[in-house]
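Enquirer: Handing you a structure now.
Residue numbers (the numbering used here), protein chains in the order written: chain A, 1 to 645; chain B, 1 to 131.
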């Protein structure tokens, strides 16, 4: 029953998308009616897809095992919350979520972007609909979540045990909102180019989407890395794994896009580059999906992959990428750039920013693909691991970190002002002072490289704060009210820059000063780690809803006083027999004590203990970055051309 | 005139900043009392688990990884140096087992490209600046 209804809903959605395309592009009727019908059927697409999504969720909740997807990825015993979120814990369901978000975006374009000229909007609706159409075909033919099976099995296979975790509840939807949010930018950009008629406002229409998608993608990546950190049990939070890289690439181009949009809004320069960036960003979302789903790149967190699906996505992505690039090249404006080049201007720094970010994208993408290319051409097999990426990305991060705080201090038009020089000087002195103080207080050793990066992180942080100070302290009140009225978006961008500094600080500090111990412990053994002692107190069991835990008890002791119990565990899932390692994390200010347990015997255990100072800065920074942009989005300066943030 | 002045200021800034931070670094002191397990870990993270998807030997618990870890442990107790152990495994399993690709004929492009693009940026930038 569910299977049939679901299929019908998806086919209705497909039909609606065809009708939408018909009204949007075929010139049978004109003007207002055309728009009205296209909007109506666009809304229908959204509703049909929404209902089919709700239906699939219902199928998961009532454990309808006549659906292959439900049977393969769920079980009766599974907690309700994982039944609901398990919908996107598998290939078919997650593609349906992709589609749902695509259609939600379409709905928002129809409903809320009213100020845009109707002709542009019709084109946008058409392009967004054709993306939906392509993915609907993909879902119906290669990954139908409503595929039926008979006879109906008694119980399901169960959800991948690693995915039964709170991190899974929000990570994929956020990531998808980010990926798919860029589809709107894509559609608008192509529509604008098709019209080849720019009103002043286009940067403002697409700016909103650039921010929202970026926020979602940033949060999604952060939560994903947090999930990997505590669930995979190795204490690492970024592995340069293909799936992670696939999410990082659109994030980087999206960051470049945000900066380029600011530049265009204020100076009217680099229009084509900005449009190209918005096309590229969505293209990278598609490429990421293709790489992960096709099984071309293997990764720890890919779903069961299938080459046939890969081929489909390859066709879809080639079509959209080549189509958009064709339109782009056709409409390239050759004479739009002004020729005068002033070095110390904000635009120059944004260009440098874009160059460095694009180099990172090329480098990461190349590093991901190189083993494949090499094997295809010469048959040699090599591995490109995290160390390679760290080595090649480090110089780029260093350059970005040096320049990042300087750019926002400059104006769009002229060389910089006395005020900017003064502020940078002050920040510089404070930074140096802080670094020296840090060296005096903390006696730990670090090599020059880590110290340089830590210094740069502090530099970014300090400049961003100094930049927010009022220009003239005696006029603080007037400045403050002015700040509130006009400069709120500036605060948002400074928060984001500052947060980037915090994140870099956390990343570098935690990797430079972490203390790790892998050891065998007998009952009652005490070990010393950083300022703490850790004592092994034996083990016990804990019964969970669909699993049993073997809990290993530790006491965390500081200055001869017990400050916490820590209980890392081995988790046995009853149904699948899978065993996962549950890390135990104790927070101490911004630091983490992190324990996982390997082999457990009657007399002794193997434990892996790390103390990671300032590791929480990584996610704090990440979330704060998203918050800064959210702040900026909410208080965007209303008038085109006057924004200077 | 004005332009040049400003440029030298910023240049001074950056170079001062870079040079000042460098001497602050202490040389990393070698800790001689490294436990066996730590050495195993340090070697194991450099090796890829060939049975798994995207995990290194240290992270993985597959049969392959366990046998490699046992081998490393055995060699270490015999007194073989870390780099010798890695070399032996490299000989036996080929380039694929190294997490970081070695710099050799078939990886020159991989290693040079990033730094080439970066220097290209510098060249373009200074070229534009001189104009």
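Glycine is no exception: its CB is placed at the ideal position from the N, C-alpha and C atoms.
Using 10 angstroms around the beta-carbon of residue 601 of chain A, count the other beta-carbons present and answer buried if the total reaches 16, otherwise exposed.
Expert: Taking the first chain and counting its residues from 1, the one referred to as residue 601 of chain A is at position 601. So residue 601 of chain A ends up on the exposed side.
Enquirer: By the DSSP assignment, the alpha helix (DSSP H) with residue 82 of chain A in it spans what residues?
Expert: Numbered from its first residue, the first chain carries residue 82 of chain A at position 82. Looking at the DSSP string, the run of the alpha helix (DSSP H) that includes residue 82 of chain A is 80-85.
Enquirer: Leaving out five residues on either side along the sequence, give the residues of the same chain with a beta carbon under 6 Å from the beta carbon of residue 235 of chain A.
Expert: Position 235 of the first chain, counting from 1, holds the residue named residue 235 of chain A. Answer for residue 235 of chain A: 594, 610, listed in chain order.
Enquirer: Give the C-beta separation of residue 155 of chain A and residue 92 of chain A to the nearest angstrom, bearing in mind that I take them to be a contact with Cβ-Cβ under 8 Å.
Expert: In the first chain, residue 155 of chain A corresponds to position 155, counting from 1. In the first chain, residue 92 of chain A corresponds to position 92, counting from 1. Contact doesn't hold; Cβ gap of about 19 Å is too wide.
Enquirer: Under 8 Å by Cβ, that's how I've got residue 606 of chain A and residue 598 of chain A pegged, so tell me the actual separation to the nearest angstrom.
Expert: By 1-based counting over the first chain, the position of residue 606 of chain A is 606. By 1-based counting over the first chain, the position of residue 598 of chain A is 598. The Cβ separation is near 4 Å, so the contact holds.
Enquirer: Taking the beta strand (DSSP E) that residue 611 of chain A belongs to, which residues open and close that run?
Expert: For the purposes of this step, residue 611 of chain A is identified with residue 611 of the first chain, where counting begins at 1. Segment 604-612, the beta strand (DSSP E) holding residue 611 of chain A.
Enquirer: What's the C-alpha gap between residue 508 of chain A and residue 41 of chain A?
Expert: One-based indexing of the first chain puts residue 508 of chain A at position 508. One-based indexing of the first chain puts residue 41 of chain A at position 41. Rounded to whole angstroms, residue 508 of chain A to residue 41 of chain A spans 51 Å at the Cα level.
Enquirer: Whole angstroms are fine: how far does the CA of residue 361 of chain A sit from the CA of residue 253 of chain A?
Expert: Stepping through the first chain from its first residue, residue 253 of chain A is reached at position 253. Stepping through the first chain from its first residue, residue 361 of chain A is reached at position 361. Approximately 7 Å between the Cα atoms of the pair.
Enquirer: Between the segment 81-97 of chain B and chain A, which residues of the former have a C-beta closer than 8 Å to a C-beta of the latter?
Expert: Answer in chain order: 94, 95, 96, 97.
Enquirer: Can you have a look at residue 204 of chain A and say buried or exposed, based on whether 16 or more other CB atoms are within 10 angstroms of its CB?
Expert: On the first chain, position 204 is the one that residue 204 of chain A refers to. Classification of residue 204 of chain A: buried, given that the 10 Å Cβ count is 16 or more.
Enquirer: Is the CB-CB distance between residue 49 of chain B and residue 39 of chain B below 7 Å?
Expert: As a working mapping, residue 49 of chain B is identified with position 49 in the second chain. As a working mapping, residue 39 of chain B is identified with position 39 in the second chain. No, Cβ-Cβ distance for residue 49 of chain B and residue 39 of chain B is not below 7 Å.
Enquirer: Using only CA atoms, which one of A/558, A/506, A/523, A/549 lies nearest to residue 659 of chain A?
Expert: Outside the shown range of chain A (1 to 645) lies residue 659 of chain A, about which nothing can therefore be said.
Enquirer: Could you give the distance in angstroms between the alpha-carbon of residue 152 of chain A and the alpha-carbon of residue 90 of chain A?
Expert: On the first chain, residue 152 of chain A is found 152 positions in, with the first residue counted as 1. On the first chain, residue 90 of chain A is found 90 positions in, with the first residue counted as 1. Using only the alpha carbons, I get a separation of about 20 Å.
Enquirer: So which residues on chain A does residue 106 of chain B lean against when the C-beta distance must stay under 8 Å?
Expert: Stepping through the second chain from its first residue, residue 106 of chain B is reached at position 106. Those within 8 Å of residue 106 of chain B in chain A are 374, 378, 380, 382.
Enquirer: Can you say whether residue 248 of chain A is buried or exposed, counting buried as having 16 or more other CB atoms within 10 angstroms of its CB?
Expert: Locating residue 248 of chain A in the first chain gives position 248, where the first residue counts as 1. When all chains shown are included, residue 248 of chain A counts as buried.
Enquirer: Distance cutoff 7 Å, beta carbons only. Does residue 74 of chain B sit that close to anything in chain A?
Expert: Here residue 74 of chain B is taken as the residue at index 74 of the second chain, counted from 1. Residue 74 of chain B does not count as touching chain A.
Enquirer: Would a check of beta-carbon distances place residue 234 of chain A closer than 7 Å to chain B?
Expert: Looking up residue 234 of chain A in the first chain gives position 234. Yes - at least one Cβ of chain B is within 7 Å of the one on residue 234 of chain A.
Enquirer: Could one say the Cβ of residue 54 of chain B lies closer than 7 Å to chain A's Cβ atoms, at least one of them?
Expert: On the second chain, residue 54 of chain B is found 54 positions in, with the first residue counted as 1. By this cut-off, residue 54 of chain B is an interface position.
Enquirer: How many Å lie between residue 219 of chain A and residue 328 of chain A at the Cα?
Expert: Residue mapping note: residue 219 of chain A aligns to position 219 of the first chain, counting from 1. Residue mapping note: residue 328 of chain A aligns to position 328 of the first chain, counting from 1. Approximately 31 Å, taken between the alpha carbons.
Enquirer: Among A/497, A/163, A/614, A/308, which has the Cα closest to the Cα of residue 631 of chain A?
Expert: Numbered from its first residue, the first chain carries residue 631 of chain A at position 631. If we check each option's Cα against that of residue 631 of chain A, A/497 comes out closest.
Enquirer: Where do the N-terminal and C-terminal ends of the alpha helix (DSSP H) with residue 403 of chain A fall, by residue?
Expert: The residue you call residue 403 of chain A lines up with position 403 of the first chain. From DSSP, the alpha helix (DSSP H) with residue 403 of chain A extends over 386-403.
Enquirer: Interface residues of chain B around residue 395 of chain A at Cβ under 9 Å?
Expert: As a first step, residue 395 of chain A is located in the first chain; it is residue number 395 there, counting from the start. What residue 395 of chain A touches in chain B: 114, 115, 118.
Enquirer: Roughly how far, in whole angstroms, is the beta-carbon of residue 179 of chain A from the beta-carbon of residue 250 of chain A, given that I think they are within contact range, below 8 Å?
Expert: Counting from one through the first chain, the residue named residue 179 of chain A turns up at place 179. Counting from one through the first chain, the residue named residue 250 of chain A turns up at place 250. Indeed they touch by this definition, with Cβ atoms about 6 Å apart.
Enquirer: What number of angstroms, rounded off, separates the C-alpha of residue 85 of chain B from the C-alpha of residue 62 of chain B?
Expert: Locating residue 85 of chain B in the second chain gives position 85, counting from the first residue. Locating residue 62 of chain B in the second chain gives position 62, counting from the first residue. Going by the C-alpha atoms only, they are around 20 Å apart.
Enquirer: Run through chain A and tell me which residues come within less than 7 Å of residue 37 of chain B, C-beta to C-beta.
Expert: In the second chain, the residue the question calls residue 37 of chain B occupies position 37. Near residue 37 of chain B (Cβ distances below 7 Å), the residues of chain A are 518, 519.
Enquirer: Consider the Cβ of residue 385 of chain A: report whether some Cβ of chain B lies at a distance smaller than 7 Å.
Expert: Indexing the first chain from 1 puts residue 385 of chain A at position 385. Chain B contact via Cβ: present.
Enquirer: Find the nearest neighbour of residue 613 of chain A within the set A/511, A/427, A/100, A/280, judged by alpha-carbon distance.
Expert: Taking the first chain and counting its residues from 1, one reaches residue 613 of chain A at position 613. Comparing Cα-Cα distances from residue 613 of chain A to each of A/511, A/427, A/100, A/280, the minimum goes to A/511.
Enquirer: Please classify residue 157 of chain A: does DSSP put it in a helix, a strand, or coil?
Expert: Along the first chain, read from residue 1 onward, the residue named residue 157 of chain A stands at position 157. Three-state DSSP puts residue 157 of chain A in coil, outside helix and strand.
Enquirer: Could you compute how far the alpha carbon of residue 192 of chain A sits from the alpha carbon of residue 285 of chain A?
Expert: The residue you call residue 192 of chain A lines up with position 192 of the first chain. The residue you call residue 285 of chain A lines up with position 285 of the first chain. Cα-Cα distance, rounded: 21 Å.
Enquirer: In the segment 351-363 of chain A, which residues sit with their C-beta less than 8 Å from some C-beta in chain B, listed in chain order?
Expert: Answer set for the segment 351-363 of chain A: 352, 355, 356, 359, 362, 363.
Enquirer: Against chain A, does residue 42 of chain B count as a neighbour if the rule is that its beta carbon must be under 7 Å from one of theirs?
Expert: Position 42 of the second chain holds residue 42 of chain B. Not one chain A Cβ lies under 7 Å of residue 42 of chain B.
Enquirer: Identify whether residue 423 of chain A lies in helix, strand or coil by the three-state DSSP scheme.
Expert: The residue labelled residue 423 of chain A in the question sits at position 423 within the first chain. It is helical.
Enquirer: Just the chain B side, please: which residues come within less than 9 Å of residue 366 of chain A by C-beta, in chain order?
Expert: Working through the first chain from its first residue, we reach residue 366 of chain A at position 366. Within chain B, the residues near residue 366 of chain A are 109, 110, 113, 114.
Enquirer: Ignoring anything shorter than 3 residues or poking outside the segment 479-549 of chain A, list the beta strand (DSSP E) runs there in chain order.
Expert: Within the segment 479-549 of chain A, the complete beta strand (DSSP E) runs of at least 3 residues are 515-522, 526-529, 532-543.
Enquirer: Per the contact definition of three or more C-beta pairs closer than 8 Å, is the segment 346-354 of chain A in contact with the segment 398-405 of chain A?
Expert: Output reads yes: the segment 346-354 of chain A touches the segment 398-405 of chain A.
Enquirer: Whose C-alpha, out of B/109, B/105, B/126, B/96, is nearest the C-alpha of residue 381 of chain A?
Expert: Counted from its first residue, the first chain places residue 381 of chain A at position 381. Here the closest residue by C-alpha is B/96.
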